[in-house]
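Everything on this sheet refers to the single structure shown next.
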Amino acid sequence: MLKALMKTMRPRQWTKNAFVLAAVVFDQQLFNPAAILRSFGAFFVFCLLSGTVYILNDIIDVEADRQHPKKRLRPIPSGKLPIRAAVAAAVVILLLTFPLAFWLSPGLGIISLVYFLINIAYSNWLKHMPLIDVLTIAAGFVLRVAAGVSVIEVQRFSPWLYVVTTLFALYLGFGKRRAELTTLAETAGSHRRVLDGYTLPFLDQLITIVSSTTLIAYSLYTFSAPNLPDNHTMMLTIPFVMYGIFRYLYLIYVKEEGGAPEELLLTDRPLQATIALFALTVLIIFYWF
14 MLKALMKTMR PRQWTKNAFV LAAVVFDQQL FNPAAILRSF GAFFVFCLLS GTVYILNDII
74 DVEADRQHPK KRLRPIPSGK LPIRAAVAAA VVILLLTFPL AFWLSPGLGI ISLVYFLINI
134 AYSNWLKHMP LIDVLTIAAG FVLRVAAGVS VIEVQRFSPW LYVVTTLFAL YLGFGKRRAE
194 LTTLAETAGS HRRVLDGYTL PFLDQLITIV SSTTLIAYSL YTFSAPNLPD NHTMMLTIPF
254 VMYGIFRYLY LIYVKEEGGA PEELLLTDRP LQATIALFAL TVLIIFYWF
């Protein structure tokens, strides 16, 4: 049953919580042990929170998931994890997570509570509302970044990164909806009601807008944000961001993938390479020059 519980909590999707670590990296505090420990504490809190949200989401959607070709194999829809046991596990995890969050930082505690409540609202209502569903997902990413900021003494972190995070999350969210609409075709609405509110041309327009503005916003950050190196070397990271955006577009439109961006992150080698090179370049610029 423990294995089924862990599977329901979807550890593979916890990669999204890496956004919590953005603050300690971009605030140039990687050599500050206290900041590192507190940041990883916040990361752990969000892993527990997101895992609990997945448990509750599967409980809420159990009947719909049993009709889905893939989701019916999940532990709760398949019966491998009884609903009563799942509810008990979710309650216990939350009773441990929220005190930990408030202990690390009152700000983290409040952000964690807001994140949890937004996700409960998403699971029950917001995910059925076109546009609002993806905006809610983007809010979750911004809250992750804010959580990382809340546990350290910020010195150089730029508000531009909140803008970039929002746009990038919208880009992934609309890409995910397009991939789902393409994969499920005529039965899309029966598997995810919100897909009835989208069309491929509409999603293509949205993806074009947010992909372009993400690249523009990040470029503006690299040469206009305060406390960056005076020689504007952060502009050297723009090609990696550009390639990453283009690569995801390629996977969506050519390979017809993208229904699970976190899976692509763990399986697509070119995407992994550009992320690794981006991270290495940022570290060199921040901590070498």
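In my numbering, the protein residues as written are 14 to 302. We put the CB at the ideal spot given by N, CA and C, even for glycine.
Cβ atoms of D71 and R87 come within 8 Å of each other, at about 6 Å. In the three-state reduction of the DSSP assignment, P172 falls in the coil class. Taking the Cα of V158 as reference, the smallest distance to any Cα among L208, F56, V66, Y211 is reached at F56. When only Cα atoms are considered, V177 and M255 end up about 13 Å apart. Taking the C-beta atoms as reference points, A151 is found nearer than 8 Å to A182.
Counted as a single uninterrupted DSSP element, the stretch harbouring M142 is not any alpha helix (DSSP H), since DSSP gives it neither H nor E.
Collapsing the DSSP output to three states places M14 in coil.
Boundaries of the alpha helix (DSSP H) around A102: 96 to 117. Relative to P283, the option among W301, V295, I258 whose CA is nearest is I258.
A residue is called buried when at least 16 other Cβ atoms come within 10 angstroms of its Cβ; A99 meets this threshold and is buried. Between the beta-carbon of D40 and that of V167 there is about 6 Å, and that keeps the pair under the 8 Å contact cut. Taking all protein chains shown into account, K268 has fewer than 16 neighbouring C-beta atoms within 10 Å of its C-beta and is therefore exposed.
The beta carbon of N240 is closer than 6 Å to those of R169 in its chain, skipping five residues each way along the sequence. Distance from the Cα of L34 is smallest, within the candidate group P143, I165, N137, for I165. Rounded to the nearest whole angstrom, the C-alpha separation of R206 and T235 is 40 Å. Cβ atoms of V58 and L94 stay farther apart than 8 Å, at about 23 Å. The three-state secondary structure of F187, taken from DSSP, is helix. Just measuring C-alpha positions, the residue of I298, K83, K20, R190 sitting nearest D243 is I298. A Cβ-Cβ separation of about 34 Å leaves S91 out of contact with I124 under the 8 Å criterion. In this structure, DSSP gives F44 a state outside helix and strand, which the three-state scheme calls coil. Within the model, the alpha-carbon separation for P172 versus Q80 is close to 43 Å. Its Cα nearest to that of T179, the residue L148 stands out among L148, T195, R190, D209. In this chain, V167 is not harboured by any alpha helix (DSSP H), its DSSP state being neither H nor E. Cβ contact annotation for L278 (same chain, cutoff 8 Å, sequence separation greater than five): T28, L284, Q285, I288, in chain order. Each residue's CA atom was taken as its position, placing I251 and F291 some 9 Å apart. With a beta-carbon spacing of about 6 Å, I89 and T21 fall inside the 8 Å limit used to define contacts.
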